[in-house]
Amino acid sequence: MEEEELGKVCEELGIEMTIDSNCHIEDARDERFLNIIADEDVNIDDLNYLMKRFDGFSPREIEKFYAVAF
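Just so we're aligned: the sequence shown equals residues 80 to 149 in the numbering used here.
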């Protein structure tokens, strides 16, 4: 998601763009990812950055990520 688009979505949802944790993730397409952030408040901008990085990961890199995260 582009920064401008993310800003618009956050504004519509009432999420203030700060360096603090500002949202709670309730569901995700990837259950393994949801298990990592379960019961955690996260920063939407940091999460967006991570998802952009994830898009460039190979399947092997994704498996390594989950191995380290657990």
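Idealized CB from N, CA, C, for every residue including glycine.
Asked                                                                                                                 : Found
Isoleucine 98 classed as buried or exposed, judged by whether at least 16 other C-beta atoms fall within 10 angstroms : exposed
Proximity winner among Lys131, Ser100, Ile104 and Pro138, relative to aspartate 118 (alpha-carbon distances)          : Ile104
Per-residue DSSP class, three states only, for aspartate 120                                                          : strand
Residue range of the alpha helix (DSSP H) that includes arginine 108                                                  : Unbroken run through arginine 108: none, as it is neither H nor E.
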